[in-house]
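Residue numbering for the sequence shown follows the working numbering, starting at 421 and increasing by one per position.
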Amino acid sequence: MVRPAQKMCPRGWRAAHSMGSRKTVLLVDEREYSLVEHLADLRTRLFYAVLGIFAATFACFAFSDTFILWLKTPMAEVLGENAQFVVLAPHEYFFVKLKISMVAGIFVSSPWLFYQFWLFVAPGLFKHERRYVFSFVFAGAFFFIGGALFCYYVVFPPMFIFFVGTLPEGILGNYSVGVLYGFATNMLLAFGLVFEAPVVVFLLAVMGVVDPEGLGKWRRYVVVFAFILAAVITPTPDPLTQSLMAVPMILLYELGLFAAKIFLRRGSAPDEVNAEPSDP
């Protein structure tokens with residue numbers, strides 16, 4: 421079954437497709453919204469998203485010391501008793517706690533953030549597609565948090581071993597708390613975003629922005645892009661660390677394509693109405 425070519429408009433459009441000699445029109449929401457109304461809707465969603473992050477950050481600040489100890493573990497295990505973590509300014513540790521609380525707040529509030537994003541794009545979906553709101557929110561939060569955990573448990577150990585191994589004999593490493601935790605949190609966020617690849621591919625395919633079959637033909641370029649992006653994001657030049665980001669990125673891209681193909685093959689919306697397509 422051919423997917424209807426959808427004309428993107430977040431607040432109202434119609435789509436039509438042919439099934440043999442039979443024409444089928446899918447009417448979703450034919451209200452016309454102005455650009456100002458689109459921007460107002462976007463502003464509302466951004467406001468609630470930021471509000472959710474602030475609330476989660478405030479709650480996570482009470483556990484900031486626990487998060488700091490948790491992030492310290494991979495580096496401390498590599499250095500052993502020689503681990504020295506120092507603060508270089510009176511305010512440094514406080515701002516480290518604040519940043520870690522904010523990053524933790526982003527991860528904690530990720531279901532809420534994905535829900536706000538869904539509310540913004542949902543009017544541009546078919547009615548039968550809007551039922552997948554909880555699946556989208558769960559998948560988005562799952563891959564976002566899963567990417568951070570993958571970075572922590574799989575990427576951090578060999579990466580820190582590489583860093584420590586570059587120190588020549590006789591040089592001790594005194595690591596700034598601000599620099600170390602800033603680097604660690606940036607890596608966690610980067611991997612969380614990279615792991616959103618299947619969700620992004622799936623959503624774009626369902627909305628008709630991209631064609632899964634067409635994206636499959638770009639596979640070789642995706643592989644090259646994944647390794648280039650991994651080389652830019654990961655701070656180490658060793659191929660192991662870069663592969664730990666590039667390979668999951670490629671696999672997740674394939675997962676998104678597979679899920680989109682399965683979804684689109686399930687058929688048309690149950691509330692389709694037979695009619696001749698009219699001009700949008």
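All residues carry an ideal CB built from backbone N, CA and C; glycine is no exception.
Starting from VAL574 and walking both ways along the alpha helix (DSSP H), at which residues does that stretch end?
Residue mapping note: residue 574 aligns to position 154 of the sequence shown, counting from 1. Taken as a continuous stretch (DSSP letters only), VAL574 belongs to no alpha helix (DSSP H), as it is neither H nor E.
Can you tell me the Cα-Cα spacing of ALA610 and MET669, whole angstroms?
Taking the first residue of the sequence shown as 1, we reach residue 610 at position 190. Taking the first residue of the sequence shown as 1, we reach residue 669 at position 249. One alpha carbon belongs to ALA610, the other to MET669, and they sit about 12 angstroms apart.
I'd like the list of long-range same chain contacts for THR605, defined as Cβ closer than 8 angstroms, with 5 residues on each side in sequence excluded.
By 1-based counting over the sequence shown, the position of residue 605 is 185. Apart from sequence neighbours up to five positions away, the residues of its chain that approach THR605 with a beta-carbon distance below 8 angstroms are LEU491, LYS519, ILE520 and VAL523, ordered along the chain.
Using the Cβ count rule (16 or more neighbours within 10 Å means buried), how would you classify TYR573?
Sequence index remark: in the sequence shown, residue 573 carries index 153 (1-based). Counting Cβ neighbours within 10 Å, TYR573 comes out exposed, since fewer than 16 surround it.
Could you tell me the alpha carbon to alpha carbon distance between PHE583 and ILE591, rounded to whole angstroms?
Here residue 583 corresponds to residue number 163 of the sequence shown, with the count starting at 1. Here residue 591 corresponds to residue number 171 of the sequence shown, with the count starting at 1. Rounded to whole angstroms, PHE583 to ILE591 spans 13 angstroms at the Cα level.
Please specify which runs of the beta strand (DSSP E), each continuous and at least 3 residues long, are wholly inside the segment 570 to 650, giving them in chain order.
Under the rule that a run must span 3 or more residues, the beta strand (DSSP E) segments found entirely inside the segment 570 to 650 read 594 to 596.
Return yes when the Cβ of GLY612 is within less than 8 angstroms of the Cβ of SER529, no when it is not.
Working through the sequence shown from its first residue, we reach residue 529 at position 109. Working through the sequence shown from its first residue, we reach residue 612 at position 192. Against a cut-off of 8 angstroms, the Cβ pair of GLY612 and SER529 comes out as no contact.
Under DSSP, the beta strand (DSSP E) around PHE546 begins and ends at which residues?
For this step, residue 546 is matched to residue 126 along the sequence shown. Segment: none, PHE546 is in no beta strand (DSSP E) and carries neither H nor E.
Around the Cβ of GLU497, are there at least 16 other Cβ atoms within 10 angstroms (buried) or fewer (exposed)?
Here residue 497 is taken as the residue at index 77 of the sequence shown, counted from 1. GLU497 is exposed by the Cβ-count criterion.
Which stretch, first to last residue, makes up the alpha helix (DSSP H) that contains PHE678?
Mapped onto the sequence shown, residue 678 falls at position 258. 659 to 685 is the span of the alpha helix (DSSP H), which, as asked, contains PHE678.
Under 7 angstroms Cβ to Cβ from LEU391, same chain only, skipping five residues before and after it: list those, please.
Outside the modelled stretch of the chain, which goes from 421 to 700, sits residue 391, for which no answer is possible.
Just curious, the alpha helix (DSSP H) that PRO528 is in, first and last residue?
Counting from 1 along the sequence shown, the entry for residue 528 is found at position 108. For clarity, residue 528 is Val in the given sequence; the question names Pro instead. Here the alpha helix (DSSP H) through VAL528 covers 512 to 528.
Which residue comes first and which comes last in the alpha helix (DSSP H) that contains VAL506?
Taking the first residue of the sequence shown as position 1, residue 506 is located at position 86. No alpha helix (DSSP H) contains VAL506, which is instead part of the beta strand (DSSP E) from 504 to 506.
Using 8 angstroms as the cut-off, can you tell me whether the segment 478 to 488 makes contact with the segment 557 to 572, which would need three or more C-beta pairs spanning the two stretches below that distance?
Segment contact: the segment 478 to 488 against the segment 557 to 572, fewer than three CB-CB distances shorter than 8 angstroms; contact not assigned.
Confirm, please, whether the CB-CB distance from PHE554 to GLU616 is below 8 angstroms.
Position 196 of the sequence shown, counted from the first residue, corresponds to residue 616. Position 134 of the sequence shown, counted from the first residue, corresponds to residue 554. Their beta carbons are not under 8 angstroms apart, which means GLU616 does not touch PHE554 by this criterion.
Given a threshold of 16 other Cβ atoms within 10 Å of its Cβ, counted over all protein chains shown, does TYR641 qualify as buried or as exposed?
Numbered from 1 along the sequence shown, position 221 holds the residue referred to as residue 641. Exposed, since its Cβ has fewer than 16 Cβ neighbours within 10 Å.
Endpoints, the alpha helix (DSSP H) within which TYR762 is located
Coverage of the chain is limited to positions 421 through 700, which leaves residue 762 absent and any answer about it impossible.
Judging by CA-CA distance, which residue of GLU589, PRO632, LEU600 and ALA561 is the nearest neighbour of PHE580?
Within the sequence shown, residue 580 is the residue found at index 160, counting from 1. Looking at the Cα atoms, LEU600 is the closest of the given residues.
Proximity below 8 angstroms, CB of LEU675 to CB of PRO618
Start at 1 with the first residue of the sequence shown, and residue 675 comes out as number 255. Start at 1 with the first residue of the sequence shown, and residue 618 comes out as number 198. In contact: LEU675 and PRO618 (Cβ atoms closer than 8 angstroms).
If ALA542 sits next to ALA625, beta carbons under 8 angstroms apart, how far is it from one beta carbon to the other, in whole angstroms?
Taking the first residue of the sequence shown as position 1, residue 542 is located at position 122. Taking the first residue of the sequence shown as position 1, residue 625 is located at position 205. Contact flag wrong, Cβ pair sits at about 16 angstroms.
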